[in-house]
Structure formats: C-alpha cells, structure tokens
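First the structure, in the form of structure tokens, and then the observations on it.
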Amino acid sequence: MLILVAGADPLKAYGVMFSGPVSSEFGITETLVRATPLLLVGLGIVISFRAGILNIGGEGQILMGAVAASAVALYFSHWPAVLLFPVVFLVGCVAGGIWGGIAGWLKARLAVNEILSTVMLNSIALQLYTYLIRGPLIDPQELAYGTGVPQTAMVPQHIWLPRLIPGTRLHVGFILAIILAAIVYIFLWRTTIGYRMRAVGAGPEASRYGGIKVEFYLVLAMALSGALAGLAGTVEVLGVHHRSLESLSAGYGFSGIVAALFGRLHPLGAIPASILMGALILGADMMQRSVRVPAAIVMAIQGLVILFVVSSDLIMRKPELLQRFWCRRGAARSKSTGEGGAKA
Amino acid sequence: MGDAVISQGLLVGIMATGIRLATPFLLAAIGEMFVQRSGVFNLGVEGIMLLGAFMAFFVTLQTGNYYLGILVSLAVGALLGALMGVVSITFKAEQGISGIGLYMIGWGLSGLLFRLYLGFITTIEGLRPLKIPILGDIPYIGAILFQHNWLVYLAYILVPVSWIVLYKTPWGLKVRAVGTTPEAADTLGISVDSIRYQCLILGGMLAGLAGAFLTVGQANMFADNITAGRGFIAVALVYFGRWSPLGILAGSLLFSIASSFQLWVQVLGIKVPYEMAVILPYVITIIALAVSFGRVWAPAALGKPYERGTRG
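Here it is, written out as structure tokens:
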C-alpha cells in the first residue's frame, strides 16, 4: 500500500525487496551484516524490557560505543592486537553501558521517565558524536586534503574483525552476536541475577517485598542493555566501516526494538527476528536502487510493525503472565529461605 | 555608542526569537497535557509533528494557500491521534512502545513523501508576521511580544483557554476524572474510552499544528527530521509543567530561551562548538525531569489501559 503511494509497481518492488536479500551470496551476507548490530541491540532491549525498563536509547549508546572504541583504537594503535583488541571491546561496551546506565540511574533514583531520558540522551550522544568526528577525532588526512569529511581515521588493521567469507563484508561479529544471544538466554533464565531482574520487571513491588534491591537491578539492566548497544557500535567499527563515520547507525537503535519485540522479547527469538529485519532493511535499500522507492519506507513499515506487535495480546501479555507467576513463586521462596533462595 | 545600539537590537531579536520558539512546544505540550490528563501516555507526538510539518508544507507549496496546509496538518494529526487510540485504548497496548511506533511511522512517512514528491529543499512564503496595532508600537516590548504571526498568538492564547477548559468545564472535569479514577468515572456513566479518544484526537491535532508551525510559520521549508526532538521535549514539558497549562508555559519559555542560546553565544562572542550549544536544551530537559519529581503530580491512571471489571 505504501509502495502504491510511492507510485511504483508494487509487485516489482516487493519482488526486489523479498528476493534481493536471499537470491545471491551478496544478498545473504549483507543481510547478516545488517542483522549483527540489530541482534546485539535487540538483546540489550530484551534485557531492559524484561526488567521492566524501556530502553529507547540504543541509537545514542551505539554511537558512544563506536566513538569511544575508535578513539582508543587510534590512540593506542601501536599496541599489539592481543592487548588492544580486548581493551577496545571493553571500552566500547563501557561507553554504551554508561550511557544506558545514566538513564537507569535517573529512573531508579529520581523517577525520571526512562523513555524520555533515553530519547534526550540519544540527541546528546548524536551531537557529541558529530562534534568528535568533525573536530578532535577527525581523520588528519581529511584535513590534509581539505575534504573535511566528518569521519575518524581508519582503526589499525590488526584489530579488524576477520571476514567469514572472503570478498564479502560478513565478519565474525555475527558469530559473536549469536553466542551472546545464548549467553543472554542463560543469564536471564539460569542465573540468580537474571532471575531477579525478570522479577523486578514482572512486579517491582512484589520484588521489593521479596527482598530484591529493585533500584540496583534497574540500573544494572539499563547498563547491560547499553553495553550491548555499545558493543554493536564497536562491532560496526571493527567489522564493517573500520572507522567512525557520520551515518554509522542507520536507525539500528530503533530497529533493534522492533527486532526484540518481533522475537517475543526472547534472546533466541531475537536471532531470526533480527535476520528478518536485516533482510527488510537490505531489501528496502535494494528496492530504492532498482525501482526508486525511498528506503525511508522501512522506518514507516517498522513503525507499523511495532503497532501491530504491541497490539496483539498474545505476544505482549503471555510473557507478562508467565513472569507474574515466576515472581510469586520467587517471592514466596525467598521469604522462607531468605535472599539466597531466590533462584529460579 | 553604536555598539550599544546594535547589541540592543540583537537582544530584542533574541527575546522575540525566544517568544516565537516557544510556540511549537506550547501547542504540542498543551495537546499532550489533555492526553495525559485523560490517562494516556502518547509518545508519538514527535511523529505526528513530523508528518504535520510535511503535510502543511506540501499542501501550501502546491496550493499556495497556507490555511489549507494548516487544515491538512490538523486532519493528519487527528488521524494519527485516532490511530494511537485504536492501539492504546482499544487494543490496550503498552503505550510507551506504541508511541515509538507512531514516531517511526511519522518519521518514515515524512521522509518517504519528502523524497518522493520533492526530493530537494524548497522554500515557501509562509505566514507573515501580524503586528498588533498600538501594542506593537511600544518600543522594545512591541517588537518582542506583538510582532509575530498568528500561530504564535494562538499558542499563547491557548494557555488560559486550556486552563478554563480543563478546570471550569464539564468536559475538563470528565477528562480529569478519567485520568485519575477511571473506575469511578465509569460508574458515573462517563465513557472512559470515548473521553480518551477525544483527548488523543485533540492532542494529535495540536501536535500536527505544532509541526505546521515549524514549516509554514517559522522555517518556511521542510527538511528531514525538522522537528529535531521538539516533540519529545514537549512530552517532557508536560511532566516539567506538572500537567498544568501555566507550568507548561513556564517550561516552554525556559526551553525556547535555551534553544536561542546559540544566538546569545554569538552576541557574547563566546567560542563554543555548535554541537555543544545544540545539546543544551536536551541537558536542561533531563535536569528538569530529574527535579520535577515526576510521579507525585501525575494523573493516577496515566499509562494504564482501562479494562472494565478489573481494579487499577
């Protein structure tokens, strides 16, 4: 329907959009390239939503992670890869985590609506990011040649993420994201911290009664969520662009929300959901090139997807009911056995 | 001596700009105030503003008639407000997320339509300033307060009007009742859903109008993401203003002055990177949210879908 508005042949447009991403090696690998940051951000969204705090700040956290990772990678570029690699990753995660943690702290301590604060932090991050890649961190070559394209210099080649298939842009970040999905699943459902986090999301009052430090888990959930988004930014820098540039995050922060919702707020469900979203984004890009339908259409489609997903009771209500059940059991158990007994 | 005259002129210009910049905040925030007073949290204001801004601009460009453009933006706002109603009232969806959905729809659609039908930045004539006789001739004050276009005056008139509507009319009483104790309102025969729909549509129209002001009444052009987070700031202003028109007025003025900060910086000759100056309103928003101690003043049923036969 939207494509008809665009005045193009919808059949042809859909043809390109749906066949493009799956019909060639290029299509498949590029889909996965786009799915990687989506999955990482989506996993963070899953954590935050499960803890009952909505992280809309993925966009800002990606940028902070990317720019911090780039800055460290460039500053310590003479370090050997064994040392530099983990440091860069850590810094990227911490930067995103701090950016998310601020919103969590504001919510926990001062009851600031986290949706509003993360949106504001997005805008602040975007300005900071633009300032850094235009000013202090700009590629010296851009200045030397007088082109002034706002981007940082290339990060040292020895810490680039290896490509999975030579000649394509698919890198090991994708594998990393899949592994992290499993880790997040284990974390949320098989550890005490994860269990308590979900309990806070299901019923903060009951959790507090059950002896769970609600504020602490709110901040922790947001920090973890932000760290995953920061990691997404780092992976984009090390795996795809090899530098921080202006359009680094093409709405991944928002698309990650869609992927998480589509994956029923489940870490493993987020894997197929983000691949689907990756295909959708790539399909729209290809459609834009072949039948001249602007890719902005994807944002509108994703918005509609969100409305549909949140409208359908089955997806949103069922996990909540389940959580409430868990929470009641947890509260009862921790009452009888004290703090340590609250294990799922 | 000459310097003093120039800087006085600049100061008047900055103040006048500050008054004018408050307009979109006022329009959108007062609309959102009614929405939240009725118990719905509509985060899609930014999206509605974007689409309203584009439609007003596009229709004005095509027809040369900005009244028609503004009318269309009102209609688009009402439509999107109703859509939010379907999702959040009828389907009882999580409002924070559906608001983000609405935002993405508005963002995507305005970008899509812009690229399809224009593809480049054009300008239109836009609304002309309307100088109020006598008052507009008062030195300094006249130039600051009484030489704007009519949308600016409308936004300020809306402050007392919305106060009267909210506190002194039966409809306003219903809105407040639905937002605090929907069960009691339901018992008294007030249709909770109907009042909430009405507020969402009203709020949508005002958000659409706020968007229209940006293109038809201020910038005279449309660019991608022209709202630049103003819709979200408007939602934050409702919290900051503690759900009252006067509070919203105070907040809007504070923020518009923060937005014209760049001008101040230029006048004072301070060298601050452009991006740092742009950050200020957002930082102030967060601080303002932090000090306004949110929930205490909020309508009790805010953000909670109402279902008959269940307790809050």
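So the protein sequences, as listed, match chains A and B. With the working numbering, the residue at position 243 of the first sequence is 315, and numbering never jumps. With the working numbering, the residue at position 50 of the second sequence is 51, and numbering never jumps. All C-beta atoms, glycine included, are put in the ideal place defined by N, C-alpha and C. No experiment lies behind these values; they were computed from the predicted model shown.
The ligand COA heavy atom lying under 6 Å from the CB of residue i
i, result
"B/A289", "Inclusion of the ligand COA in the displayed structure is not the case, the ligand content being empty and no account of it being possible."
CB contact below 7 Å: residue i versus chain A
i, result
"B/E308", "no"
"B/T286", "yes"
"B/Y283", "yes"
"B/L247", "no"
"B/P183", "no"
"B/A302", "no"
"B/I31", "no"
"B/S99", "yes"
"B/A299", "no"
"B/I280", "yes"
"B/M105", "yes"
C-alpha distance - residue i paired with residue j, whole-angstrom precision
i, j, result
"A/I196", "B/A94", "29 Å"
"B/S89", "B/L69", "30 Å"
"A/A403", "A/I284", "Residue placement at A/A403 is flagged as unreliable, the pLDDT there being 47, under the threshold of 50; a coordinate-derived value is accordingly withheld."
"A/G207", "A/G172", "25 Å"
"B/I101", "A/V377", "11 Å"
"B/A144", "B/G242", "27 Å"
"B/Q37", "A/A332", "27 Å"
"A/I369", "A/V381", "18 Å"
"A/V307", "A/P109", "7 Å"
"B/G82", "B/E184", "24 Å"
"A/I121", "A/L337", "According to the sequence displayed, residue 121 of chain A carries Phe and not Ile. About 7 Å."
"A/A301", "B/A186", "44 Å"
"A/I353", "B/A17", "44 Å"
"A/G137", "A/W232", "16 Å"
"A/F246", "A/A107", "8 Å"
"A/F148", "A/L156", "7 Å"
"A/T264", "A/G282", "13 Å"
"B/L28", "A/I119", "36 Å"
"B/T181", "B/G40", "7 Å"
"A/S297", "B/Y141", "51 Å"
"B/L290", "A/K179", "10 Å"
"B/Y283", "B/Y307", "33 Å"
"B/G10", "B/L131", "20 Å"
"A/Q374", "A/I258", "29 Å"
"A/I27", "B/L119", "Any answer about residue 27 of chain A is impossible in this case: the structure gives chain A only from 73 up to 416."
"A/G164", "B/M105", "27 Å"
"B/V13", "B/G248", "25 Å"
Closest Cα partner of residue i within the set the options
i, options, result
"A/G130", "A/A299, A/P208 and A/W261", "A/A299"
"A/G325", "A/G341, A/V191, A/P344 and A/G99", "A/V191"
"B/I125", "B/F223, B/S261, B/E308 and B/T286", "B/F223"
"A/A183", "B/A57, B/R38 and B/V292", "B/V292"
"A/P339", "A/Y267, A/I250 and A/S319", "A/I250"
"B/G205", "B/P282, B/G86 and B/I15", "B/G86"
"B/L254", "B/G10, B/P25, B/L11 and B/L290", "B/P25"
"A/H314", "A/T101, A/V160, A/Q133 and A/G116", "A/V160"
"A/L104", "A/A372, A/Q213, A/Q360 and A/G355", "A/G355"
"B/G53", "B/G248, B/S245, B/A76 and B/A220", "B/A76"
"B/S257", "B/V273, B/T188 and B/L238", "B/L238"
Residue-chain proximity (residue i, chain B), Cβ-Cβ < 7 Å
i, result
"A/V312", "no"
"A/A293", "no"
"A/Q223", "no"
"A/L126", "yes"
"A/V227", "no"
"A/G375", "yes"
"A/L188", "yes"
"A/L209", "no"
"A/M192", "yes"
"A/I196", "yes"
"A/T202", "yes"
"A/S383", "yes"
Rounded distance between the beta-carbons of residue j and residue i, thought under 8 Å
i, j, result
"A/A253", "A/I343", "5 Å"
"A/G347", "B/G97", "Going by the sequence as given, residue 347 of chain A is Ile instead of Gly. Actually they do not touch by this definition, with Cβ atoms about 26 Å apart."
"B/I287", "A/S189", "6 Å"
"B/I133", "B/F147", "4 Å"
"A/A153", "A/H230", "4 Å"
"A/A143", "A/G305", "That pair is no contact at about 12 Å."
"A/S321", "A/L135", "6 Å"
query = If you pair each beta-carbon of the segment 122-140 of chain A with each one of the segment 273-287 of chain A, do three or more pairs fall below 8 Å?
reply = yes
At least 3 beta-carbon pairs within less than 8 Å: the segment 205-224 of chain B vs the segment 145-156 of chain B:
yes
Taking one C-beta from the segment 275-288 of chain B and one from the segment 44-64 of chain B each time, how about it: are there three or more such pairs within less than 8 Å?
-> no
Segment contact, 8 Å Cβ cut-off, at least three pairs: the segment 46-57 of chain B with the segment 218-238 of chain B | Yes: at least three Cβ pairs fall under 8 Å.
Q) Are the segment 14-29 of chain B and the segment 172-184 of chain B touching, with three or more C-beta to C-beta distances below 8 Å? A) no
- [ ] Check whether the segment 213-222 of chain A touches the segment 299-306 of chain B, counting contact only when three or more Cβ pairs, one atom from each stretch, lie closer than 8 Å.
- [x] no
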